[in-house]
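Enquirer: Input: one structure, supplied below.
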Amino acid sequence: MRTLTGITPTGPVHIGNYFGAMRPAIEAQAQGDCFYFIADYHSMTSITDPHERLANTRAVAVDWLACGLDPVKSVFWRQSDLPEVCELTWLIGSLTPMGLLERAHGYKDKTAKGISPNFGLFAYPVLMAADILLYDTNAVPVGQDQKQHLEMTRDIAAKFNQTYGETFVVPEPVIRRDCGNIPGLDGQKMSKSYGNTLEIFADEKALRKKIMSIVMDSRTPAEPKPDAERNICVQFLKLLAPSDVAADYEARLRAGGLGYGDLKKGLFEHFWAFFAPARARRAELLANPDYVDQVLRDGAARARSVAAGVIRRARKAAGLE
Ligand code: ADP
Ligand code: TRP
Numbered sequence: 014m015r016t017l018t019g020i021t022p023t024g025p026v027h028i029g030n031y032f033g034a035m036r037p038a039i040e041a042q043a044q045g046d047c048f049y050f051i052a053d054y055h056s057m058t059s060i061t062d063p064h065e066r067l068a069n070t071r072a073v074a075v076d077w078l079a080c081g082l083d084p085v086k087s088v089f090w091r092q093s094d095l096p097e098v099c100e101l102t103w104l105i106g107s108l109t110p111m112g113l114l115e116r117a118h119g120y121k122d123k124t125a126k127g128i129s130p131n132f133g134l135f136a137y138p139v140l141m142a143a144d145i146l147l148y149d150t151n152a153v154p155v156g157q158d159q160k161q162h163l164e165m166t167r168d169i170a171a172k173f174n175q176t177y178g179e180t181f182v183v184p185e186p187v188i189r190r191d192c193g194n195i196p197g198l199d200g201q202k203m204s205k206s207y208g209n210t211l212e213i214f215a216d217e218k219a220l221r222k223k224i225m226s227i228v229m230d231s232r233t234p235a236e237p238k239p240d241a242e243r244n245i246c247v248q249f250l251k252l253l254a255p256s257d258v259a260a261d262y263e264a265r266l267r268a269g270g271l272g273y274g275d276l277k278k279g280l281f282e283h284f285w286a287f288f289a290p291a292r293a294r295r296a297e298l299l300a301n302p303d304y305v306d307q308v309l310r311d312g313a314a315r316a317r318s319v320a321a322g323v324i325r326r327a328r329k330a331a332g333l334e
């Protein structure tokens with residue numbers, strides 16, 4: 014049973030990414046056979062600065078390794094190190110109906126916003142299907158927003174199999190019900206694009222400032238707060254502090270007597286402690302860029318040993334060799 018997912022290198026990771034995507038992926042390593050890659054080809058529709066792409070790719074690699082991605086247990090590589098995926102994009106793209114791609118939410122949302130579409134944006138779901146099919150993937154953990162892309166992948170795989178004979182494994186999406194929607198500082202979904210994030214590797218001063226300036230209501234500390242479970246700091250504490258500690262904060266807020274300043278200080282302390290081990294590993298990784306390069310190179314070699322067989326199978330099926 015092979016699990017695969019792609020990580021777009023678009024900026025610093027936040028606790029929404031951590032609890033929604035990184036932690037489940039890292040925990041899945043216990044079951045083995047995990048394939049994780051940095052989707053730098055996919056970043057080409059949103060980033061056009063080559064230095065930014067390279068820097069983001071490295072930063073994402075470091076952050077995932079720091080958070081517990083184990084390159085011995087998992088195959089971890091950079092998408093563009095296996096350009097075979099572009100060849101497969103062509104093979105399957107030649108069977109993908111225009112209508113299917115025109116219905117893609119990502120494409121429709123971007124064009125509705127006035128972004129002038131290019132081939133890359135239109136073909137994005139085909140490249141994503143190639144990512145998945147190239148490695149005989151069984152399960153793809155993704156957020157709700159990627160569900161349609163997985164359905165397209167399944168359609169494309171079935172079409173190829175029908176046309177050229179059984180070639181690809183048809184993958185299943187794995188969509189989490191819990192932790193799928195971590196709120197941001199303003200109560201909307203936490204997202205880089207809303208500027209409402211808590212970055213997991215923010216420096217101490219910036220993080221403290223961000224937490225201390227979370228907007229609360231104007232009730233006095235002494236007032237009981239019967240809606241304590243809806244308080245954003247309480248919600249974060251439930252993720253970041255031991256459960257009895259988080260429950261104690263919630264109870265004290267509910268009863269009255271705990272001020273928002275003290276609640277926020279508590280949140281900062283627990284946030285800082287929660288990510289302390291990852292922060293230490295990250296500092297080591299940042300000091301050792303050669304190691305990170307080596308991990309991605311080894312990962313690419315392991316990924317290629319699977320991809321080579323699949324691309325061969327697809328080429329043969331389609332009469333390209
Ligand atoms: P962002 O919305 O900040 O740009 P991405 O789209 O890069 O985040 O998401 C990367 C991964 O993190 C995806 O798997 C996505 O489902 C997950 N993710 C992002 N924001 C959240 C959130 N607020 N709660 C849970 N998971 C999230
Ligand atoms: N499109 C995905 C996202 O924006 C990233 C991605 C690229 C991906 N290729 C993939 C995810 C293959 C799962 C499988 O989050």
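Just so we're aligned, residue 14 is where the sequence shown starts under this note's numbering, counting upward by one.
The C-beta atom is built at its ideal place from N, Cα and C for all residues, glycine as well.
Kindly indicate which residue of 100, 245, 50 has the alpha-carbon position closest to the one of residue 197.
Expert: Position 184 of the sequence shown, counted from the first residue, corresponds to residue 197. Among 100, 245, 50, the Cα nearest to that of residue 197 is on 245.
Enquirer: Go ahead and label residue 29 buried or exposed: buried means 16 or more other beta carbons lie within 10 angstroms of its beta carbon, across all protein chains shown.
Expert: Walking along the sequence shown from the start, residue 29 turns up at place 16. The residue in question, residue 29, is buried, as its Cβ has 16 or more Cβ neighbours within 10 Å.
Enquirer: Alpha carbon to alpha carbon, how far is residue 241 from residue 264? Give it in angstroms, no decimals.
Expert: Translated into the one-based positions of the sequence shown, residue 264 becomes position 251. Translated into the one-based positions of the sequence shown, residue 241 becomes position 228. So the alpha carbons of these two residues sit roughly 8 Å apart.
Enquirer: Who are the Cβ neighbours of residue 321 in its own chain at under 8 Å, not counting the five residues just before and after it?
Expert: For the purposes of this step, residue 321 is identified with residue 308 of the sequence shown, where counting begins at 1. Taking residue 321 as the centre and dropping the five residues before and after it, the same chain places the C-beta of 97 closer than 8 Å to its C-beta, in chain order.
Enquirer: Going by DSSP in three states, residue 186 sits in which element: helix, strand or coil?
Expert: Locating residue 186 in the sequence shown gives position 173, counting from the first residue. It is a strand residue.
Enquirer: Could you tell me the alpha carbon to alpha carbon distance between residue 225 and residue 259, rounded to whole angstroms?
Expert: Here residue 225 refers to the residue found at position 212 of the sequence shown. Here residue 259 refers to the residue found at position 246 of the sequence shown. Each residue's Cα considered, the two are about 18 Å apart.
Enquirer: Starting from residue 152, follow its DSSP beta bridges and name the residues at the other end.
Expert: Start at 1 with the first residue of the sequence shown, and residue 152 comes out as number 139. Partner(s): 16, 185.
Enquirer: Are the Cβ atoms of residue 16 and residue 46 separated by less than 8 Å?
Expert: Indexing the sequence shown from 1 puts residue 16 at position 3. Indexing the sequence shown from 1 puts residue 46 at position 33. Yes; because the gap between Cβ atoms is below 8 Å, this pair is in contact.
Enquirer: Let's see if you can read the secondary structure: which residues bound the beta strand (DSSP E) around residue 262?
Expert: Locating residue 262 in the sequence shown gives position 249, where the first residue counts as 1. Where residue 262 is concerned, there is no enclosing beta strand (DSSP E), although the alpha helix (DSSP H) it sits in stretches over 256–268.
Enquirer: What residue from 228, 189, 218 has the CA that sits closest to residue 200's CA?
Expert: Walking along the sequence shown from the start, residue 200 turns up at place 187. Out of 228, 189, 218, 228 has the C-alpha closest to the C-alpha of residue 200.
Enquirer: Just the C-alpha distance for residue 276 and residue 83, rounded to the nearest angstrom, thanks.
Expert: As a working note, residue 276 is residue 263 in the sequence shown. As a working note, residue 83 is residue 70 in the sequence shown. Spanning the two alpha carbons is a distance of roughly 35 Å.
Enquirer: Which residues in the same chain have their Cβ closer than 6 Å to the Cβ of residue 249, if we skip the five residues on either side of it in sequence?
Expert: Taking the first residue of the sequence shown as 1, we reach residue 249 at position 236. 280, listed in sequence order.
Enquirer: Between the C-alpha atoms of residue 64 and residue 118, what's the straight-line distance to the nearest angstrom?
Expert: For the purposes of this step, residue 64 is identified with residue 51 of the sequence shown, where counting begins at 1. For the purposes of this step, residue 118 is identified with residue 105 of the sequence shown, where counting begins at 1. Distance between the alpha carbons of residue 64 and residue 118: 29 Å.
Enquirer: Straight-line CA distance for residue 33 to residue 149?
Expert: By one-based count along the sequence shown, residue 33 stands at place 20. By one-based count along the sequence shown, residue 149 stands at place 136. Distance between the alpha carbons of residue 33 and residue 149 is about 24 Å.
Enquirer: I'd like the span of the beta strand (DSSP E) that includes residue 287, first residue to last.
Expert: The residue labelled residue 287 in the question sits at position 274 within the sequence shown. Looking at the DSSP string, residue 287 is not in any beta strand (DSSP E); the run it does join, the alpha helix (DSSP H), is 273–287.
Enquirer: If you follow the alpha helix (DSSP H) that residue 66 is part of, which residue opens it and which one closes it?
Expert: Position 53 of the sequence shown, counted from the start, is the residue given in the question as residue 66. 63–79 is the extent of the alpha helix (DSSP H) around residue 66.
Enquirer: Just the C-alpha distance for residue 302 and residue 284, rounded to the nearest angstrom, thanks.
Expert: Your numbering for residue 302 matches position 289 in the sequence shown. Your numbering for residue 284 matches position 271 in the sequence shown. Looking at the two C-alpha atoms, the distance is approximately 27 Å.
Enquirer: Would the beta-carbon of residue 58 be found less than 7 Å away from any heavy atom of the ligand ADP?
Expert: The count along the sequence shown starts at 1 and reaches residue 58 at position 45. Checking every heavy atom of the ligand ADP against the Cβ of residue 58, none is found closer than 7 Å.
Enquirer: Which two residues bound the contiguous alpha helix (DSSP H) that contains residue 135?
Expert: Here residue 135 corresponds to residue number 122 of the sequence shown, with the count starting at 1. Unbroken alpha helix (DSSP H) run through residue 135: 132–146.
Enquirer: Between the beta-carbon of residue 90 and the beta-carbon of residue 316, is there less than 8 Å?
Expert: In the sequence shown, counting from the first residue as 1, residue 90 sits at position 77. In the sequence shown, counting from the first residue as 1, residue 316 sits at position 303. Yes. Within cutoff.
Enquirer: If I'm right that residue 75 touches residue 220 with Cβ under 8 Å, what's the distance once you round it to whole angstroms?
Expert: As a working mapping, residue 75 is identified with position 62 in the sequence shown. As a working mapping, residue 220 is identified with position 207 in the sequence shown. With 8 Å as the limit, residue 75 and residue 220 do not qualify as a contact, their Cβ atoms being about 18 Å apart.
Enquirer: For the putative contact between residue 325 and residue 79, defined by C-beta atoms under 8 Å, what is the C-beta separation to the nearest angstrom?
Expert: As a working note, residue 325 is residue 312 in the sequence shown. As a working note, residue 79 is residue 66 in the sequence shown. Actually they are not in contact, since the Cβ atoms of residue 325 and residue 79 sit about 36 Å apart, beyond 8 Å.
Enquirer: Closer than 7 Å to a non-hydrogen atom of the ligand TRP - does that hold for the CB of residue 144?
Expert: Here residue 144 corresponds to residue number 131 of the sequence shown, with the count starting at 1. Yes, Cβ of residue 144 sits closer than 7 Å to a heavy atom of the ligand TRP.
Enquirer: Tell me which residues share the same chain as residue 87 and place their Cβ nearer than 6 Å to its Cβ, disregarding the 5 neighbours each side in the sequence.
Expert: Start at 1 with the first residue of the sequence shown, and residue 87 comes out as number 74. Excluding sequence neighbours, residue 87 sits near 42, 47, 49.
Enquirer: For residue 58, which of 136, 27, 107 has the nearest alpha-carbon?
Expert: In the sequence shown, residue 58 corresponds to position 45, counting from 1. For the residues 136, 27, 107, the minimum Cα distance to residue 58 belongs to 136.
Enquirer: Find the nearest neighbour of residue 158 within the set 188, 147, 282, judged by alpha-carbon distance.
Expert: Here the question's residue 158 lines up with position 145 in the sequence shown. The option with the nearest alpha carbon to residue 158 is 188.
Enquirer: Take residue 92 as the anchor and find which of 256, 141, 195, 233 has the nearest alpha-carbon.
Expert: Taking the sequence shown and counting its residues from 1, one reaches residue 92 at position 79. Cα-wise, what sits closest to residue 92 is 141.
Enquirer: For residue 106, collect the residues of the same chain with a Cβ closer than 6 Å to its Cβ; drop the 5 residues on either side in sequence, then sort them by chain order.
Expert: For the purposes of this step, residue 106 is identified with residue 93 of the sequence shown, where counting begins at 1. So the list reads 139, once near-sequence residues are dropped.
Enquirer: Give the straight-line distance between the Cα atoms of residue 127 and residue 112, rounded to the nearest whole angstrom.
Expert: Looking up residue 127 in the sequence shown gives position 114. Looking up residue 112 in the sequence shown gives position 99. Using only the alpha carbons, I get a separation of about 20 Å.
Enquirer: In the DSSP assignment, what are the bridge partners of residue 118?
Expert: The sequence position of residue 118 within the sequence shown is 105, counting from 1. BP columns for residue 118 are empty, so no partner.
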